[in-house]
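Participant: Sharing a structure, written as structure tokens. Questions coming.
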Amino acid sequence: MKKRLLSFFLFVVSLSVSAQSTATLSAQTDPERVINRHIYGHFAEHLGRSIYGGFYVGEDNKKIPNTAGVRNDVIEALKRLKVPNLRWPGGCFADTYHWKDGIGPKKDRPTIVNTWWGGVTENNSFGTHDFLNMCELLGAEPYLAGNMASGTVQELIDWVQYVNFDGESPMSKLRRENGREKPWNVTYWGVGNEAWGCGGNMTAEYYANEYRKYATFMAGWSNDKNIFRIASGANSADYNWTEVLMKNIPHNMLEGVALHHYAVIDWNKKGPAKDFTEQHYFATMKSALFMQELVDKHTAIMDKYDPKKRVALVVDEWGGWYEVEPGTNPGFLYQQNTMRDAMIAGVTLNIFNNHSDRIRMANLAQTINVLQAVILTEEEKMILTPTYHVMEMYNVHQDAFYLPLTVKTTDYTLGKEKLPAISGSASKDKNGATHITLVNIDPKKGQDITVSIDGAKFKSVTGRVLASKNIQDHNTFDKPDNIKPVNFKGANLKGNTLTVKMPAGSVVALQLK
Ligand code: AHR
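For reference, each letter of the sequence shown is one residue, going -2 to 510 in my numbering.
Written out as structure tokens, the structure reads:
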């Protein structure tokens, strides 16, 4: 009797902690709609311990195994992630960076002061060759952010010439003298960064004119069919910025327009990275989900000037931004990474996948030891964060055909406020497998989701889940595997109906065949 009472009680509890949502998957592909792998890009700035200690430990380092100074553990982890592109050297740093400081014998390179990030001395030991060779090791395409604010047109076109020109020229000669015969053929080029702020505090009109000048001279040194110039884009909801750029820059000299948006509670009171309250969590998720409105509104402006969607929206900085870990240099932006960050990554990547007709590139800020990092290092130790695991679970969408997944979700509520609990996206890969990624941001309630499938018959479903007891949970150097994806047993397929039992605060990736 006692046993029956207990199971009845557990049944009632489970009813009260699970919510019901529905979704429809259109499983028919449109050959024109591909989720560009570059949506899964990353960002490495000369900031704190991102480059030095994160990626690069120096060729002479005997303690940490490395290849040409780049940590082997990092290379291996990032290869598994299938990093499609890596943005470098900034960020705000990019507009103070003079690339010629970072070539030639390392002992002769000048030092500079990194005025944006902690005022530390930068010895330029990690420069153009180091970065581009590292990208080759990772199998990632480089995305170079050019200095527009404190550099010159000549300096930027010299850089293009140095890395991309195959013929005889002063810069290709210099490259060869520095040991690299063939050009690297870099496709992606940013023309300044945050020109409305750290990149020169310009007006949109002034920046658009400057951009036209820089973009004109950047052509001619590469296979120009491949050069992809990205204009420094809006700060979050500055729609006027996008409007002016789309109106004032001829579209034959503009391949991408950027957008930066961080999930932040309040720029003056960002809240802790790991010991946060549910109020902090809710506010962060609200800011992360604001990406949906941003994408809709910036896209509508771009559609007005470019209905054929030739120019890409490039969200080249996104992620959660909190207070630095206590006791660390405030200029280094080092923060822990919890299940909250997994939620941010999951919902943001779903938004990008679902808008992949316009968003064709994005960069999480940043890869190692800075902001919403996928990797944290401490001397010879390295850990993978919950964000890493989400990026890895989602990499099945890279270059796959987009499939529409419409979700009708219940709400995650806190007090009088509410947010959509469930988000999702779907694709079919080149080998014929269909993938659905789902996020339940509600940290207290599980979700039973019923997905109706249209346009295909599947025989099997398998999956993985990333979940933990508390939304504040994270990996540490002592417990590196506290959070990692495990096989998911909560999905069932019956005819055209898929049911998914999602735990509270979880990310699920399903494969249908
Ligand atoms: O990612 C950190 C900083 O945030 C970047 O340097 C800058 O572009 C942005 O404001």
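Each residue gets a CB set at the ideal place from its N, CA and C atoms; glycine is no exception. In this text the structure is predicted, and so the values were computed from the model without any measurement.
1) Going by DSSP, which residues form a beta bridge with Asn63?
2) For Val9, is the classification buried or exposed, using 16 other Cβ atoms within 10 angstroms of its Cβ as the cut-off for buried?
3) With distance defined between alpha-carbon atoms, name the residue in Lys378, Ser147, Asp354, Met358 nearest to Pro139.
4) Whole angstroms is fine: what's the gap from Leu171's alpha carbon to Pro180's?
5) Need the endpoints of the alpha helix (DSSP H) that Asp155 sits in, please.
6) Which of the three DSSP states is assigned to Lys79 in this structure?
7) Quick check: the segment 475 to 491 against the segment 403 to 418, are there 3 or more CB pairs under 8 Å?
8) DSSP three-state call for His432: helix, strand or coil?
9) Does the Cβ-Cβ distance between Met145 and Ala192 come in under 8 Å?
10) Return the CA-CA distance between Ser11 and Val462, expressed in angstroms with no decimal places.
11) Using a threshold of 7 Å, is the CB atom of Phe90 nearer than that to any non-hydrogen atom of the ligand AHR?
12) Could you give the DSSP three-state label for Gln276: helix, strand or coil?
13) For Gly460, list the residues DSSP reports as bridge partners.
14) In angstroms with no decimal places, state the Cα-to-Cα distance between Leu509 and Gln363.
15) Output needed for Asn350: all residues of its chain with C-beta closer than 6 Å, excluding positions within five of it in sequence on either side, in chain order.
16) On the DSSP bridge list, what partners appear for Met168?
17) I believe Leu512 touches Val448 by the beta-carbon criterion, under 8 Å. Please report the beta-carbon distance rounded to the nearest angstrom.
18) With a 10 Å radius around its C-beta and 16 neighbouring C-beta atoms as the bar for buried, classify Val387 as buried or exposed.
19) Is there a C-beta anywhere in chain B that falls below 8 Å from the one on Ala216?
20) Give the straight-line distance between the Cα atoms of Asn190 and Tyr278, rounded to the nearest whole angstrom.
21) Flag this pair as yes or no: are the beta carbons of Lys306 and His471 separated by less than 8 Å?
22) Bridge partners of Pro375, per DSSP?
23) Indicate whether Trp315 and His352 have their beta-carbon atoms separated by less than 8 Å.
24) Rounded to the nearest angstrom, what separates Gly196 and Gly124 at their Cα positions?
25) Residue range of the beta strand (DSSP E) that Pro511 falls in?
26) Compare the C-alpha of Ala234 against each of Lys76, Ile468, Phe287, Tyr185 and name the closest.
27) Cutting at 6 Å between CB atoms, please list the residues of its own chain near Thr496, excluding the five before and the five after it.
28) Between the beta-carbon of Asn334 and the beta-carbon of Gln289, is there less than 8 Å?
29) Could you check the C-alpha separation between Leu310 and Ile356 for me, to the nearest Å?
30) Measure the beta-carbon distance from Phe473 to Gly51 and round it to whole angstroms, keeping in mind my assumption that it falls under 8 Å.
31) Just how far apart, CA to CA, sit Asn121 and Gln276?
32) Hey, is Gln363 close to the ligand AHR, as in C-beta under 7 Å from one of its heavy atoms?
33) When you compare each of Tyr159, Val321, Ile480, Ser166 to Arg177 by their alpha carbons, which one comes out closest?
34) Using C-beta distances below 8 Å, list every residue in its chain close to Lys267, excluding the 5 sequence neighbours before and after it, in chain order.
35) If you follow the alpha helix (DSSP H) that Arg209 is part of, which residue opens it and which one closes it?
Facilitator: Taking the geometry as given:
1) By one-based count along the sequence shown, residue 63 stands at place 66. Paired residue(s): Arg68.
2) On the sequence shown, position 12 is the one that residue 9 refers to. The predicted model places Val9 with a pLDDT of 47, which falls under 50 and marks its position as unreliable; any figure quoted below should be read in that light. It is exposed - the Cβ of Val9 has fewer than 16 other Cβ atoms within 10 Å.
3) By 1-based counting over the sequence shown, the position of residue 139 is 142. The shortest C-alpha separation from Pro139 is found at Met358.
4) The residue given as residue 171 occupies position 174 in the sequence shown. The residue given as residue 180 occupies position 183 in the sequence shown. Between Leu171 and Pro180, the C-alpha separation is close to 12 Å.
5) Within the sequence shown, numbered from 1, the residue matching residue 155 stands at position 158. Boundaries of the alpha helix (DSSP H) harbouring Asp155: 150 to 161, taken from the DSSP string.
6) One-based indexing of the sequence shown puts residue 79 at position 82. In this structure, Lys79 counts as coil in the three-state DSSP scheme.
7) No contact exists between the segment 475 to 491 and the segment 403 to 418.
8) Numbered from 1 along the sequence shown, position 435 holds the residue referred to as residue 432. Correct three-state label for His432: strand.
9) Taking the sequence shown and counting its residues from 1, one reaches residue 145 at position 148. Taking the sequence shown and counting its residues from 1, one reaches residue 192 at position 195. Against a cut-off of 8 Å, the Cβ pair of Ala192 and Met145 comes out as a contact.
10) The residue you call residue 11 lines up with position 14 of the sequence shown. The residue you call residue 462 lines up with position 465 of the sequence shown. Reliability of the predicted coordinates at Ser11 is poor, the pLDDT of 45 falling under 50, and no value is obtained from them.
11) The residue given as residue 90 occupies position 93 in the sequence shown. Yes, Cβ of Phe90 sits closer than 7 Å to a heavy atom of the ligand AHR.
12) As a first step, residue 276 is located in the sequence shown; it is residue number 279 there, counting from the start. In the three-state reduction of the DSSP assignment, Gln276 falls in the helix class.
13) Position 463 of the sequence shown, counted from the start, is the residue given in the question as residue 460. The partner list for Gly460 (beta bridge, DSSP) reads Leu507.
14) Walking along the sequence shown from the start, residue 509 turns up at place 512. Walking along the sequence shown from the start, residue 363 turns up at place 366. Taking the Cα positions, Leu509 is about 32 Å away from Gln363.
15) The sequence position of residue 350 within the sequence shown is 353, counting from 1. Ile32, His394, Ser422.
16) Position 171 of the sequence shown, counting from 1, holds the residue named residue 168. Answer is none; Met168 lacks a bridge partner.
17) The structure shown has nothing for residue 512, since the chain only spans -2 to 510.
18) Translated into the one-based positions of the sequence shown, residue 387 becomes position 390. Buried.
19) The structure shown has no chain B; it contains just one protein chain.
20) In the sequence shown, counting from the first residue as 1, residue 190 sits at position 193. In the sequence shown, counting from the first residue as 1, residue 278 sits at position 281. The C-alpha of Tyr278 is placed about 29 Å away from the C-alpha of Asn190.
21) What you label residue 306 is simply residue 309 of the sequence shown in a count that begins at 1. What you label residue 471 is simply residue 474 of the sequence shown in a count that begins at 1. With respect to the 8 Å criterion, Lys306 and His471 are not classified as neighbours on the basis of their beta carbons.
22) Translated into the one-based positions of the sequence shown, residue 375 becomes position 378. As written in the sequence, residue 375 is Glu, which differs from the Pro given in the question. Per DSSP, the beta-bridge partners of Glu375 are Lys378.
23) Mapped onto the sequence shown, residue 315 falls at position 318. Mapped onto the sequence shown, residue 352 falls at position 355. No.
24) To locate residue 196, count along the sequence shown from 1; it is residue 199. To locate residue 124, count along the sequence shown from 1; it is residue 127. In a straight line, the C-alpha of Gly196 is about 20 Å away from that of Gly124.
25) No answer is possible for residue 511: it lies beyond the span of the chain, which begins at -2 and ends at 510.
26) Numbered from its first residue, the sequence shown carries residue 234 at position 237. Of Lys76, Ile468, Phe287, Tyr185, the residue nearest in Cα terms is Phe287.
27) As a position in the sequence shown, residue 496 is number 499, starting the count at 1. Excluding residues within five positions, the ones whose Cβ falls inside 6 Å are Thr447, Asn489.
28) Residue mapping note: residue 334 aligns to position 337 of the sequence shown, counting from 1. Residue mapping note: residue 289 aligns to position 292 of the sequence shown, counting from 1. It is not a contact, given that the beta carbons lie outside the stated cut-off.
29) Residue 310 sits at position 313 when you count from the first residue of the sequence shown. Residue 356 sits at position 359 when you count from the first residue of the sequence shown. The straight-line gap from Cα to Cα measures roughly 5 Å.
30) Counting from 1 along the sequence shown, the entry for residue 473 is found at position 476. Counting from 1 along the sequence shown, the entry for residue 51 is found at position 54. The identity of residue 473 in the sequence shown is Thr, whereas the question assumes Phe. The pair is not a contact, with the Cβ atoms about 17 Å apart (cut-off 8 Å).
31) In the sequence shown, residue 121 corresponds to position 124, counting from 1. In the sequence shown, residue 276 corresponds to position 279, counting from 1. Their backbone Cα atoms lie some 42 Å apart in a straight line.
32) Here residue 363 refers to the residue found at position 366 of the sequence shown. For the ligand AHR, at least one heavy atom lies less than 7 Å from the Cβ of Gln363.
33) Taking the sequence shown and counting its residues from 1, one reaches residue 177 at position 180. Considering only Tyr159, Val321, Ile480, Ser166, the residue with the shortest C-alpha distance to Arg177 is Tyr159.
34) As a first step, residue 267 is located in the sequence shown; it is residue number 270 there, counting from the start. Excluding residues up to 5 positions away in sequence, Val261, Trp318, Tyr319, Glu320 lie with their Cβ nearer than 8 Å to the Cβ of Lys267 in the same chain.
35) Working through the sequence shown from its first residue, we reach residue 209 at position 212. For Arg209, the uninterrupted alpha helix (DSSP H) run begins and ends at 201 to 215, by DSSP.
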